[in-house]
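**Q** If you're matching positions, the sequence shown starts at 2 in the working numbering and goes up one per residue.
Backbone N, C-alpha and C fix where the C-beta goes; we use that ideal spot for every residue, glycine too.
Since this is a predicted model, take the numbers as computed values, not measurements.
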Amino acid sequence: MKGIITIVSFLLVGVATAIFIGFGNSFSPEPTAIDHELQGLNEKYTIKFSHVVAENTPKGIAASMFAQLVKEKTNGWVEVQVFPNGVLTDAQGEFEALKKNKVQMIAPAISEITVHDPKWTVMDLPFVFENEEMVEQAFDGRLGELLFKSIEKYDYKGLAFWENSFKQFTNNIRPVQEPVDMQGLSVRTMPSPLLLDMYQILGAQPQSFSFNEIYEALRNEHIDGIENTLSNIYSKGLYQQQKYMTVSNHNYLGYAVLMDREVWDSLPVQHQNSLMEALDEVATWLRKYAKEHNKDMLEEAEDSGSLEIHYLTENERDLWKEAMKPIYDKYEPIIGEEIMGEVRKLQADR
Ligand code: LMR
Numbered sequence: 002m003k004g005i006i007t008i009v010s011f012l013l014v015g016v017a018t019a020i021f022i023g024f025g026n027s028f029s030p031e032p033t034a035i036d037h038e039l040q041g042l043n044e045k046y047t048i049k050f051s052h053v054v055a056e057n058t059p060k061g062i063a064a065s066m067f068a069q070l071v072k073e074k075t076n077g078w079v080e081v082q083v084f085p086n087g088v089l090t091d092a093q094g095e096f097e098a099l100k101k102n103k104v105q106m107i108a109p110a111i112s113e114i115t116v117h118d119p120k121w122t123v124m125d126l127p128f129v130f131e132n133e134e135m136v137e138q139a140f141d142g143r144l145g146e147l148l149f150k151s152i153e154k155y156d157y158k159g160l161a162f163w164e165n166s167f168k169q170f171t172n173n174i175r176p177v178q179e180p181v182d183m184q185g186l187s188v189r190t191m192p193s194p195l196l197l198d199m200y201q202i203l204g205a206q207p208q209s210f211s212f213n214e215i216y217e218a219l220r221n222e223h224i225d226g227i228e229n230t231l232s233n234i235y236s237k238g239l240y241q242q243q244k245y246m247t248v249s250n251h252n253y254l255g256y257a258v259l260m261d262r263e264v265w266d267s268l269p270v271q272h273q274n275s276l277m278e279a280l281d282e283v284a285t286w287l288r289k290y291a292k293e294h295n296k297d298m299l300e301e302a303e304d305s306g307s308l309e310i311h312y313l314t315e316n317e318r319d320l321w322k323e324a325m326k327p328i329y330d331k332y333e334p335i336i337g338e339e340i341m342g343e344v345r346k347l348q349a350d351r
């Protein structure tokens, strides 16, 4: 009997010891430390980068430059494959492709982003920025931070702001100098709710469709006019289909480089740093190039003689700003006081 008790005791002690040692790790309060800094650095990453403009445009050149810089900075461990001209999908399709991980990076116009985060309509407010310096302060400062913070609610990671220029009007019906001249014109614009409202308030008929469809829509006279930057008007040959241009600088066309938040978070920190370095270098180059290129395209338009060009006078700008007040009344509450406060600071400092 005594022998049995001894054996059972040994067994119980052995089982207790095995439980403590064998599962000790699973009960430890601290998970095993994972070195995210090094994890995944010996894996190749491919980033498909989709955009909708030609390769020789400011954004097109910037995307190619970015791809080359990333290859150099990651010693080829990260490859950025650029898909220009909307070859994969149009601007709105890029958001879905990002969510389905069919592409991993996009650089849509901010007006396209407003469809997904209405606070971004702040950048579409008509005549909100007097010049490029104000836009740059917005992108570089608290306003840009607030926009990137806002979009994270929709699971996008904002990585950089890229610039193009102010937008102008072109059309085939009449010279546009005052708001009343827009009445009855069918105008293509991006699908920003603010832009659509803006043209409706002016008595125009806004139509929203993809960038690649504009040329045919003008050629077939499905629309009378468009708004866009000089670089886009020229890169798509749209000036050949238009008689009148109004240099209004009524809105600014900028871009935001976006990734899906989960995909961004899955990248090793070292690669994230390389991507951000490359984006910063490209943004610095693009800020200068976009200004110069759009200025050159305006001079080409003036020299071509193919467009009757009108420059809004200060008095005319005041008429447009007055006509646009209902837009501010509607969208300031949507944009919110925190972001509008930053706009007012920029306007006060100019
Ligand atoms: C547009 O559709 O007019 C713009 O999105 C084109 C661009 O510059 O991306």
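1) Distance check for GLN105 and GLN271, CA to CA, integer angstroms please.
2) Should GLU339 be labelled buried (16 or more other beta-carbon atoms within 10 Å of its own) or exposed?
3) Below 8 Å, can you find three or more Cβ-Cβ pairs linking the region 223-232 to the region 287-302?
4) Is ALA110 close to the ligand NAD? I mean its beta-carbon at under 6 Å from any heavy atom of the ligand.
5) Using a Cβ-Cβ cutoff of less than 8 Å, which residues in the same chain neighbour GLU38 once the five nearest sequence positions on both sides are dropped?
6) Going by beta carbon distance, what residues of the same chain come within less than 8 Å of PHE140, once the five residues before and after it are set aside?
7) What does DSSP give as the partner residue(s) for TYR157 in the beta ladder?
8) How would you write the range of the alpha helix (DSSP H) that ILE336 sits in, first residue to last?
9) DSSP has MET106 in a bridge; who is on the other side?
10) Three-state secondary structure (DSSP) at SER187?
11) May I have the straight-line CA-CA distance separating PRO192 from GLU278, to the nearest angstrom?
12) Would you say the beta carbon of MET106 comes nearer than 6 Å to a heavy atom of the ligand LMR?
13) Among HIS52, LEU99 and LEU70, which one has its Cα closest to the Cα of VAL83?
14) Got a sec? Which residues, its chain only, sit under 8 Å from PRO194 by beta carbon, not counting five neighbours each side?
15) Leaving out five residues before and five after GLN242 in sequence, what residues of the same chain have Cβ atoms less than 8 Å from its Cβ?
16) Closer than 7 Å by C-beta to TYR332: which residues in its own chain qualify, once you throw out the five before and the five after it? Chain order, please.
17) Whole angstroms are fine: how far does the CA of LYS346 sit from the CA of ILE62?
18) Less than 7 Å between C-beta atoms, sequence neighbours within five positions excluded: which residues of the same chain meet that for VAL129?
19) Could you check whether the Cβ of TYR84 sits closer than 6 Å to any heavy atom belonging to the ligand LMR?
20) Taking contact to mean 3 or more Cβ pairs, one atom from each stretch, closer than 8 Å, check whether the region 177-186 and the region 316-326 are in contact.
21) Is MET191 near the ligand LMR, going by C-beta to nearest heavy atom under 6 Å?
**A** Let me lay it out:
1) Within the sequence shown, the letter at position 270 stands for residue 271. Within the sequence shown, the letter at position 104 stands for residue 105. Taking the straight line from one Cα to the other gives about 18 Å.
2) Here residue 339 is taken as the residue at index 338 of the sequence shown, counted from 1. That one is exposed.
3) yes
4) Here the bound small molecules are the ligand LMR; the ligand NAD is not part of this structure.
5) In the sequence shown, counting from the first residue as 1, residue 38 sits at position 37. In this predicted model, GLU38 has a pLDDT of only 46, less than 50, meaning its place in the structure is not dependable; the value taken from the coordinates is given anyway. Closer than 8 Å at Cβ, skipping near neighbours: PRO269, VAL270 and GLN271.
6) Position 139 of the sequence shown holds residue 140. Hits under 8 Å: PHE162, GLU164 and GLY255.
7) To locate residue 157, count along the sequence shown from 1; it is residue 156. In the DSSP output, where bridge partners are listed per residue, TYR157 has ASP261.
8) The residue labelled residue 336 in the question sits at position 335 within the sequence shown. Run containing ILE336: 326-336, per the alpha helix (DSSP H) assignment.
9) Start at 1 with the first residue of the sequence shown, and residue 106 comes out as number 105. DSSP output for MET106 lists PHE50 as bridge partner(s).
10) By one-based count along the sequence shown, residue 187 stands at place 186. Note: SER187 maps to strand in three-state DSSP.
11) One-based indexing of the sequence shown puts residue 192 at position 191. One-based indexing of the sequence shown puts residue 278 at position 277. The alpha-carbon atoms of PRO192 and GLU278 are separated by roughly 32 Å.
12) Position 105 of the sequence shown holds residue 106. It does not: the Cβ of MET106 is nowhere closer than 6 Å to a heavy atom of the ligand LMR.
13) For this step, residue 83 is matched to residue 82 along the sequence shown. Answer by Cα proximity: HIS52.
14) Within the sequence shown, the letter at position 193 stands for residue 194. Cβ neighbours of PRO194 beyond the five flanking positions: THR115, VAL116, PRO119 and THR122.
15) As a first step, residue 242 must be located in the sequence shown, where it is residue number 241. Counting only Cβ-Cβ distances below 8 Å, and skipping sequence neighbours, we find ASN173, TYR216, LEU219 and ARG220.
16) Along the sequence shown, one-based indexing puts residue 332 at 331. Answer for TYR332: THR122, LEU126 and LEU195, listed in chain order.
17) For the purposes of this step, residue 62 is taken as the residue at position 61 of the sequence shown. For the purposes of this step, residue 346 is taken as the residue at position 345 of the sequence shown. So the alpha carbons of these two residues sit roughly 33 Å apart.
18) Translated into positions along the sequence shown, residue 129 becomes position 128. Around VAL129: VAL344.
19) Counting from 1 along the sequence shown, the entry for residue 84 is found at position 83. Tyr is not the amino acid found at residue 84; the sequence shown has Phe there. No.
20) yes
21) As a working mapping, residue 191 is identified with position 190 in the sequence shown. MET191: yes, Cβ under 6 Å from the ligand LMR.
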